[in-house]
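So the structure is just underneath, and the comments pick up after that.
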């Protein structure tokens with residue numbers, strides 16, 4: 263979405279407001295141009311919205327896959343800890359569990375950051391769409 267398009271609409275509206283009856287034909291032409299530009303903006307918003315919906319629809323599957331991988335990691339950690347528990351001192355077991363927990367925490371932090379960024383992008387697009395709808399020229 264180009265800001266120039268919105269500025270162009272504003273300029274055309276100002277020109278229409280300043281025109282006289284002698285310029286009636288030009289006024290109608292300008293009104294048609296404003297409607298055309300507005301329709302282009304709406305079309306771009308629809309495309310952006312659809313693209314965003316497609317990307318958002320992919321998220322549940324990706325989150326589910328991530329959860330499955332984390333479950334697998336936890337199961338591997340449990341299995342490894344059970345095998346090593348027989349001859350390993352307690353302090354070493356705790357250190358290894360702490361390291362594994364740190365890795366899980368890092369991966370969760372990355373996932374949280376990605377989800378926060380996605381949420382911010384969704385809010386920006388939503389606000390942009392709302393602002394554009396509110397700025398429709400009234401003829």
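Residue numbers (the working numbering): 263 to 401.
Glycine is no exception: its CB is placed at the ideal position from the N, C-alpha and C atoms.
Just so it is clear, the structure is predicted and the values come from calculations on it, not from any experiment.
Do residue i and residue j have their C-beta atoms closer together than 9 Å?
i	j	result
residue 332	residue 303	no
residue 270	residue 297	no
residue 314	residue 389	no
residue 321	residue 391	no
residue 325	residue 362	no
residue 343	residue 359	yes
residue 374	residue 318	no
residue 206	residue 292	The displayed coordinates of the chain run from 263 to 401. Any statement about residue 206 would go beyond what the structure contains.
Would you decide whether residue i is buried or exposed? Buried here means 16 or more other CB atoms lie within 10 Å of its CB.
i	result
residue 278	buried
**Request:** Kindly provide the ranges of any alpha helix (DSSP H) runs that are 4 or more residues long and lie completely inside the stretch 284-359, ordered along the chain.
**Result:** 286-346
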